[in-house]
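K.L.:
For reference, each letter of the sequence shown is one residue, going 39 to 239 in this note's numbering.
Cβ atoms here follow ideal geometry from the backbone N, Cα and C, with glycine treated the same way.
None of these values were measured; they are calculated from a predicted model.
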Amino acid sequence: MKAVGTGRGRPRKSDPDEVLDKAMELFWERGFEGTSMNDLACATGMAKPGLYATFGDKEALYAKALARYFEHNAPVFNEIFDTPGPLKEFMRRYLETIAASLNDKSKPRGCFMVNSMVDCAHQPTSLERISREQHKQRQTAILKRFRDAEAQGELPADADPKALADFFAGQSLALGVMASNGADKTALQSFIDVALTVLPR
Numbered sequence: 039m040k041a042v043g044t045g046r047g048r049p050r051k052s053d054p055d056e057v058l059d060k061a062m063e064l065f066w067e068r069g070f071e072g073t074s075m076n077d078l079a080c081a082t083g084m085a086k087p088g089l090y091a092t093f094g095d096k097e098a099l100y101a102k103a104l105a106r107y108f109e110h111n112a113p114v115f116n117e118i119f120d121t122p123g124p125l126k127e128f129m130r131r132y133l134e135t136i137a138a139s140l141n142d143k144s145k146p147r148g149c150f151m152v153n154s155m156v157d158c159a160h161q162p163t164s165l166e167r168i169s170r171e172q173h174k175q176r177q178t179a180i181l182k183r184f185r186d187a188e189a190q191g192e193l194p195a196d197a198d199p200k201a202l203a204d205f206f207a208g209q210s211l212a213l214g215v216m217a218s219n220g221a222d223k224t225a226l227q228s229f230i231d232v233a234l235t236v237l238p239r
């Protein structure tokens with residue numbers, strides 16, 4: 039006699055990582071307010087009760103999606119910040135890596151973190167805080183690189199490392215906004231080339 043609960047009709051259990059990746063891309067494309075739990079259920083293939091049970095409410099799922107985005111990108115940027123070399127070479131590599139990720143046609147337009155910061159008026163305060171904290175961490179890492187460059191004599195005596203670090207952190211956000219608005223690879227590269235002219239040769 040056939041055992042109850044077995045056989046071909048038994049549904050395959052959803053992989054939480056795959057579900058989270060699909061939710062991340064939907065939030066990335068539509069934003070927090072523009073995405074409903076029904077949308078998420080359709081995109082992920084997981085019923086709403088399952089989404090709630092696994093990830094919590096929409097706010098909690100969005101926070102986990104942001105964390106997933108940062109987790110995917112962290113290794114690449116950690117490697118850039120950990121690689122020694124001239125300041126201008128570092129900044130070019132940093133900005134061009136951002137531009138390359140923004141030109142990935144398999145992903146939604148722009149940068150999820152930047153999109154989230156721009157969309158903060160339509161988000162709970164807790165979600166706005168997550169994106170801004172990640173940006174602050176990047177700012178801190180860039181500032182360290184500029185202070186190191188100052189100590190090594192790579193900057194003119196009258197240079198302001200903090201102002202330069204803030205400027206380049208802002209350029210990284212600007213690239214994301216440009217890509218969200220349809221800027222292509224050539225436009226992003228031109229923007230980077232101009233931004234780098236503020237640094238000494």
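What residue does the alpha helix (DSSP H) around F172 start on, and which one ends it?
P.N.:
It should be pointed out that residue 172 corresponds to Gln in this sequence rather than to Phe. T163 to A189 is the extent of the alpha helix (DSSP H) around Q172.
K.L.:
Which of the three DSSP states, helix, strand or coil, is assigned to P54?
P.N.:
P54: helix per DSSP, three-state reduction.
K.L.:
Please return the same chain residues whose Cβ sits closer than 6 Å to the Cβ of L125, not counting the five positions on each side in sequence.
P.N.:
Once the five neighbours on either side are set aside, the close Cβ partners of L125 are A187 and E192.
K.L.:
Provide the residue span of the alpha helix (DSSP H) that contains P199, from first to last.
P.N.:
P199 to S218 is the span of the alpha helix (DSSP H), which, as asked, contains P199.
K.L.:
Let me know if E127 comes out buried or exposed under the rule of 16 or more other beta-carbons within 10 Å of its beta-carbon.
P.N.:
Per the 10 Å Cβ criterion, exposed.
K.L.:
Could you check what DSSP says for G72 in three-state terms: helix, strand or coil?
P.N.:
G72: coil per DSSP, three-state reduction.
K.L.:
Between M151 and Y90, which are expected to be in contact by the criterion C-beta below 8 Å, what is the C-beta distance as a whole number of angstroms?
P.N.:
Rounded, the Cβ-Cβ distance is 25 Å, inconsistent with contact.
K.L.:
Start and end of the alpha helix (DSSP H) containing H110?
P.N.:
H110 -> alpha helix (DSSP H) spans K96 to D120.
K.L.:
Pick helix, strand or coil for Q227, following the three-state DSSP scheme.
P.N.:
Note: Q227 maps to helix in three-state DSSP.
K.L.:
Using the Cβ count rule (16 or more neighbours within 10 Å means buried), how would you classify V42?
P.N.:
Annotation note: pLDDT 42 at V42 (below 50); position unreliable, coordinate value reported separately. Looking at its Cβ environment, which holds fewer than 16 other Cβ atoms inside 10 Å, V42 is exposed.
K.L.:
Does the pairing of the region 153-173 with the region 57-72 give three or more beta-carbon distances under 8 Å?
P.N.:
Yes, the region 153-173 touches the region 57-72.
K.L.:
What would DSSP say about A85, mapped onto helix, strand or coil?
P.N.:
In the structure shown, A85 sits in coil (DSSP, three-state: anything other than H, G, I, E or B).
K.L.:
Hey, out of H110, N76 and N111, whose CA is closest to K96's CA?
P.N.:
The shortest Cα separation from K96 among H110, N76 and N111 belongs to N76.
K.L.:
Of the residues I118, F206, V215 and Q177, which one's Cα is nearest the Cα of R243?
P.N.:
An answer regarding residue 243 cannot be provided, because it is not within the stretch 39 to 239 covered by the chain.
K.L.:
Going by the CB atoms, is the gap between S169 and M155 shorter than 7 Å?
P.N.:
Going by C-beta atoms, M155 is nearer than 7 Å to S169.
K.L.:
Looking only at its own chain, which residues have a Cβ that is under 8 Å from the Cβ of A101, when we skip the five neighbours before and after it?
P.N.:
Within the same chain, A101 has close Cβ partners S164, L165 and I168.
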